[in-house]
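See structure below.
There are 2 protein chains.
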Amino acid sequence: MEELDTVLGKAVALLRAFGPEDRLLPLAELVRRTGLPKGTVHRVAGDLVRHRLLEKTEHGYRLASGLFELGMRAATERTLLEVAMPFLQDLYERTHETVHLGVREGTEVVYVAKIGGHRQARSPSRAGGRMPMHCTAIGKVLLAHAESSVRSAVLAGPLARRTPHTVVAPGLLEQQLDRALETGLAFEREESTPGLLCVAAPVLDTDGATAVAAISVTGPVGRFRPEAHQNAVRAAATALGSTLARRPGGL
Amino acid sequence: MEELDTVLGKAVALLRAFGPEDRLLPLAELVRRTGLPKGTVHRVAGDLVRHRLLEKTEHGYRLASGLFELGMRAATERTLLEVAMPFLQDLYERTHETVHLGVREGTEVVYVAKIGGHRQARSPSRAGGRMPMHCTAIGKVLLAHAESSVRSAVLAGPLARRTPHTVVAPGLLEQQLDRALETGLAFEREESTPGLLCVAAPVLDTDGATAVAAISVTGPVGRFRPEAHQNAVRAAATALGSTLARRPGGL
DNA sequence: CGGACGCGTTCCACTCACCGGTACGCTGTC
DNA sequence: GACAGCGTACCGGTGAGTGGAACGCGTCCG
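Heads up: the sequence lines are chains A and B, in that order. Everything in the first sequence is counted per full-length UniProt numbering, starting at 1 for the first residue and increasing by one. Everything in the second sequence is counted per full-length UniProt numbering, starting at 1 for the first residue and increasing by one.
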């Protein structure tokens, strides 16, 4: 799944061997996951430690703060994040539910920020994490406002059923997308995670056509009613959109 | 400043050539900053692009989202961030001023999170960024609650004068540290950035002795009075501390 | 207009950094 | 006490990586 015939490839493979849930991986586990010979892993991991991208502890390796620093400098995410934060903040304060900011990358959603309080719903999303587009509110609203080539690419691909509620019928999904395009809102009802509901609104580009990002509010079945927050989400998204439009340089 | 005699070293040097403020660097600029031959930079940068760590645009290279993803998986920062976020959120809501979460790394402060609203004070700090310890509230409070070896190492090193208000007299600084250790609070008054005031409190370890992190509230000279928020900051920090202590596995 | 720059790209022969099999020492565990 | 799994260390062969040189652009001069 990675190019392993170059040092760099091996190094990246090692780093990516850490899944979103992994904190500490012993050398042997890295060997297993990458398929690289033991000696090689040892050496390359040592190099990575030297460069502060990896940290070596008694019980294994972990991703080091050098990576965190570099990651936070990634250009697009950073500026978007900086401009968006106050709006997300406001939205959280108004709703006191989990707030997400996401962008499209290929045929997936990448979450740029996630903020929530003590009572936030348990959700699998993470800042920096990825999710499919067809079963999340942010994904749907981004897809609806994307170029038609992207839309058809996603609809053509396999639509994984993540829960019994996941919409897998292309026709129904397309209908929801059309509606999202009209209303500027997309919903998710336990389609990615049981017990979670979500509303999302697009952050539109200067031209008002394509979405550069999307904002959502998530809450648990029961106390949470998506419709109750749809206006707040839309307001936050459009406010962020026009602020971004006012920025020189863009992005 | 970096090991340049290995592919990995060159790659890391390229990535680190991007300063906190840089968004787009042309190849020639990378050549200048790294001192590497043009051909080499071209090739290595190409490799990095292939691995989604770098992005190539019309006008130069930028750090890509692959880095962002990896960075957000860095173990220590991530769990701390996840647990802390609700507390930072509360603190922001109570004060509506810029809130920071920072940890010590070597003799510097690394900001793990920064949240603020529309009216936040202009500060040079960034999530993932670094600052000296002796001229920031978070730095001081972390230093006060660190092993004495760290304290003396910092006090021995050169204390850069960043503003006319920066405390550079080791005696006075030490006095402030002692006071911080007693009261569990440290202050900064335009010592790192003109026009900015700050209060910080330590997030203490299980044993209550060493600080694993620190929380601060920052605001502009004029409307902002650090003392008015010191209790809120301390409350947030201790609440976070005891929550962390309750966690299995630690960190 | 021509020449001189700065930039990104491509090429290629040399060579040294990288490779990975092998072997060692240390822990537990049956 | 044999064994299995782990982390570490060694080392000769070799091809991935190297970087100097040359090319094709634009652009800014005189």
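Idealized CB from N, CA, C, for every residue including glycine.
**Message:** Quick check on Phe-68 (chain B): does DSSP put it in helix, strand or coil?
**Reply:** Start at 1 with the first residue of the second sequence, and residue 68 (chain B) comes out as number 68. Reduced to three states, the DSSP call for Phe-68 (chain B) is helix.
**Message:** Going by DSSP in three states, Thr-238 (chain A) sits in which element: helix, strand or coil?
**Reply:** Within the first sequence, the letter at position 238 stands for residue 238 (chain A). Reduced to three states, the DSSP call for Thr-238 (chain A) is helix.
**Prompt:** Roughly how many angstroms lie between the CA atoms of Ala-228 (chain B) and Glu-191 (chain B), to the nearest whole one?
**Reply:** Numbered from its first residue, the second sequence carries residue 228 (chain B) at position 228. Numbered from its first residue, the second sequence carries residue 191 (chain B) at position 191. If I take the Cα positions, the gap works out to 19 Å.
**Prompt:** Is it buried or exposed for Ser-152 (chain A), if we count other Cβ within 10 angstroms and need 16 for buried?
**Reply:** Here residue 152 (chain A) refers to the residue found at position 152 when the first sequence is read from its first residue. Exposed is the call here.
**Prompt:** Taking Cβ-Cβ distances below 9 Å as the criterion, which residues of the segment 75-87 of chain B are in contact with chain A?
**Reply:** Cβ contacts with chain A: Ala-75, Thr-76, Glu-77, Arg-78, Thr-79, Leu-81, Glu-82, Met-85, Pro-86, Phe-87.
**Request:** Under 7 Å Cβ to Cβ from Ser-123 (chain A), same chain only, skipping five residues before and after it: list those, please.
**Result:** As a first step, residue 123 (chain A) is located in the first sequence; it is residue number 123 there, counting from the start. Thr-98, Thr-193, Leu-196, Thr-218, listed in sequence order.
**Item:** the segment 52-71 of chain A / the segment 83-100 of chain A touching (three or more Cβ pairs under 8 Å)
**Value:** By the C-beta criterion, the segment 52-71 of chain A is judged not to be in contact with the segment 83-100 of chain A, since fewer than 3 inter-stretch pairs fall below 8 Å.
**Message:** Let me check understanding here. Comparing Cα to Cα, which of B:Phe-87, B:Ala-17, B:Ala-28 lies closest to Ala-236 (chain B)?
**Reply:** As a working mapping, residue 236 (chain B) is identified with position 236 in the second sequence. Answer by Cα proximity: B:Phe-87.
**Request:** Would you kindly report the start and end of the unbroken beta strand (DSSP E) that includes Leu-101 (chain B)?
**Result:** By 1-based counting over the second sequence, the position of residue 101 (chain B) is 101. Taken as a continuous stretch (DSSP letters only), the beta strand (DSSP E) holding Leu-101 (chain B) covers 98-105.
**Request:** Compare the beta carbon distance of Leu-177 (chain A) and Ala-144 (chain A) with 7 Å and say whether it is the shorter of the two.
**Result:** Here residue 177 (chain A) is taken as the residue at index 177 of the first sequence, counted from 1. Here residue 144 (chain A) is taken as the residue at index 144 of the first sequence, counted from 1. Contact check for Leu-177 (chain A) against Ala-144 (chain A) passes: the beta carbons are separated by less than 7 Å.
**Closest Cα partner of residue 274 (chain B) within the set B:Val-110, B:Leu-25, B:Leu-48** = Lying outside 1 to 251, the shown extent of chain B, residue 274 (chain B) is not represented and no answer is given.
**Item:** Under 9 Å from the C-beta of Thr-6 (chain B): neighbouring residues of chain A
**Value:** Numbered from 1 along the second sequence, position 6 holds the residue referred to as residue 6 (chain B). Per Cβ cutoff of 9 Å: Val-7, Asp-47.
**Cβ-based neighbour list, Glu-77 (chain A), same chain, cut-off 6 Å, excluding 5 preceding and 5 following** = For this step, residue 77 (chain A) is matched to residue 77 along the first sequence. So the qualifying residues of the chain are Val-112.
**Item:** Residue from A:Ala-180, A:Ser-216, A:Arg-189, A:His-51 whose Cα sits closest to the Cα of Val-167 (chain A)
**Value:** Against the first sequence, residue 167 (chain A) aligns to sequence position 167. Of A:Ala-180, A:Ser-216, A:Arg-189, A:His-51, the residue nearest in Cα terms is A:Arg-189.
**Item:** Residue environment, Glu-55 (chain A), which counts as buried when at least 16 other CB atoms sit within 10 Å
**Value:** To locate residue 55 (chain A), count along the first sequence from 1; it is residue 55. Counting Cβ neighbours within 10 Å, Glu-55 (chain A) comes out buried, since at least 16 surround it.
**Prompt:** Nearest chain B C-beta to His-51 (chain A) closer than 7 Å, yes or no?
**Reply:** One-based indexing of the first sequence puts residue 51 (chain A) at position 51. Put simply, the CB of His-51 (chain A) is near chain B, with a gap under 7 Å to one of its CB atoms.
**Asked** What residue range is occupied by the uninterrupted alpha helix (DSSP H) comprising Met-131 (chain A)?
**Response** On the first sequence, residue 131 (chain A) is found 131 positions in, with the first residue counted as 1. Premise fails: Met-131 (chain A) lies in the beta strand (DSSP E), 130-132, not in any alpha helix (DSSP H).
**Item:** Bounding residues of the alpha helix (DSSP H) (the contiguous stretch that carries residue 261 (chain A))
**Value:** Past the edges of chain A, shown from 1 to 251, lies residue 261 (chain A), and the structure says nothing about it.
**Item:** 8 Å Cβ cut-off: residues of chain B touching Pro-20 (chain A)
**Value:** Position 20 of the first sequence holds residue 20 (chain A). Going along chain B in sequence order, the residues near Pro-20 (chain A) (Cβ under 8 Å) are Arg-73.
**Prompt:** If you draw a straight line from the alpha carbon of Leu-81 (chain A) to that of Met-72 (chain A), how long is it in whole angstroms?
**Reply:** Your numbering for residue 81 (chain A) matches position 81 in the first sequence. Your numbering for residue 72 (chain A) matches position 72 in the first sequence. The alpha-carbon separation between Leu-81 (chain A) and Met-72 (chain A) amounts to approximately 10 Å.
**Spatial neighbours of Ala-17 (chain A) in its chain, beta-carbon cut-off 6 Å, leaving aside the 5 residues before and after** = Your numbering for residue 17 (chain A) matches position 17 in the first sequence. Contacts found: Leu-30, Arg-33, Thr-34.
**Message:** Rounded to the nearest angstrom, what separates Gly-222 (chain B) and Gly-60 (chain B) at their Cα positions?
**Reply:** Here residue 222 (chain B) corresponds to residue number 222 of the second sequence, with the count starting at 1. Here residue 60 (chain B) corresponds to residue number 60 of the second sequence, with the count starting at 1. Computed Cα separation, rounded: 42 Å.
**Prompt:** If you drop the 5 nearest sequence neighbours on each side, which residues of the same chain put their C-beta closer than 7 Å to that of His-96 (chain B)?
**Reply:** Counted from its first residue, the second sequence places residue 96 (chain B) at position 96. Taken in chain order, the residues that qualify are Gly-117.
**Asked** Are there 16 or more other CB atoms within 10 angstroms of the CB of Gln-120 (chain B), so buried, or fewer, so exposed?
**Response** In the second sequence, the residue the question calls residue 120 (chain B) occupies position 120. Under this definition Gln-120 (chain B) is a buried residue.
**Request:** Give a yes or no on whether the C-beta atoms belonging to Gly-184 (chain A) and Ala-201 (chain A) are separated by under 7 Å.
**Result:** Taking the first residue of the first sequence as 1, we reach residue 184 (chain A) at position 184. Taking the first residue of the first sequence as 1, we reach residue 201 (chain A) at position 201. Against a cut-off of 7 Å, the Cβ pair of Ala-201 (chain A) and Gly-184 (chain A) comes out as a contact.
**Message:** Tell me the residue span of the alpha helix (DSSP H) that contains Arg-179 (chain B).
**Reply:** One-based indexing of the second sequence puts residue 179 (chain B) at position 179. Segment 170-183, the alpha helix (DSSP H) holding Arg-179 (chain B).
**Request:** Count the other CB atoms, across all protein chains shown, that sit within 10 Å of the CB of Thr-57 (chain B); report buried if there are 16 or more and exposed otherwise.
**Result:** Taking the first residue of the second sequence as position 1, residue 57 (chain B) is located at position 57. Per the 10 Å Cβ criterion, exposed.
**Asked** Taking 6 Å as the line, does the beta carbon of Pro-164 (chain B) fall inside it for any heavy atom of the ligand HEM?
**Response** For the ligand HEM, the structure offers nothing, since it holds no ligand at all.
**Message:** For Glu-108 (chain A), would you say it is in contact with chain B, using Cβ-to-Cβ distances shorter than 7 Å as the test?
**Reply:** Numbered from its first residue, the first sequence carries residue 108 (chain A) at position 108. So, not an interface residue.
**Backbone secondary structure at Thr-57 (chain A) - three-state DSSP** = As a position in the first sequence, residue 57 (chain A) is number 57, starting the count at 1. In the three-state reduction of the DSSP assignment, Thr-57 (chain A) falls in the strand class, which pools E and B.
**The beta strand (DSSP E) enclosing Glu-93 (chain B), as first and last residue numbers** = Mapped onto the second sequence, residue 93 (chain B) falls at position 93. Where Glu-93 (chain B) is concerned, there is no enclosing beta strand (DSSP E), although the alpha helix (DSSP H) it sits in stretches over 75-95.
**Prompt:** For the putative contact between Val-44 (chain A) and Val-7 (chain A), defined by C-beta atoms under 8 Å, what is the C-beta separation to the nearest angstrom?
**Reply:** If you number the first sequence from 1, residue 44 (chain A) lands on position 44. If you number the first sequence from 1, residue 7 (chain A) lands on position 7. So it is a contact: roughly 7 Å between Cβ atoms.
**Message:** Give me the residue from A:Leu-240, A:Thr-79, A:Val-199, A:Gly-129 with the minimum Cα distance to Ile-138 (chain A).
**Reply:** Along the first sequence, one-based indexing puts residue 138 (chain A) at 138. The residue with the shortest Cα to Cα distance from Ile-138 (chain A) is A:Val-199.
**Item:** Nearest-angstrom Cα separation, counted from Ser-148 (chain A) out to Gly-128 (chain B)
**Value:** Your numbering for residue 128 (chain B) matches position 128 in the second sequence. Your numbering for residue 148 (chain A) matches position 148 in the first sequence. Going by the C-alpha atoms only, they are around 37 Å apart.
**Message:** For Glu-93 (chain B), would you say it is in contact with chain A, using Cβ-to-Cβ distances shorter than 7 Å as the test?
**Reply:** Residue numbering aside, residue 93 (chain B) sits at position 93 when the second sequence is read from its first letter. Yes, contact with chain A.
**Prompt:** What separation, rounded to the nearest whole angstrom, lies between the Cα atoms of Arg-170 (chain B) and Leu-155 (chain B)?
**Reply:** Working through the second sequence from its first residue, we reach residue 170 (chain B) at position 170. Working through the second sequence from its first residue, we reach residue 155 (chain B) at position 155. Note that residue 170 (chain B) is Pro in the sequence shown here, rather than Arg. Cα to Cα, Pro-170 (chain B) sits roughly 6 Å from Leu-155 (chain B).
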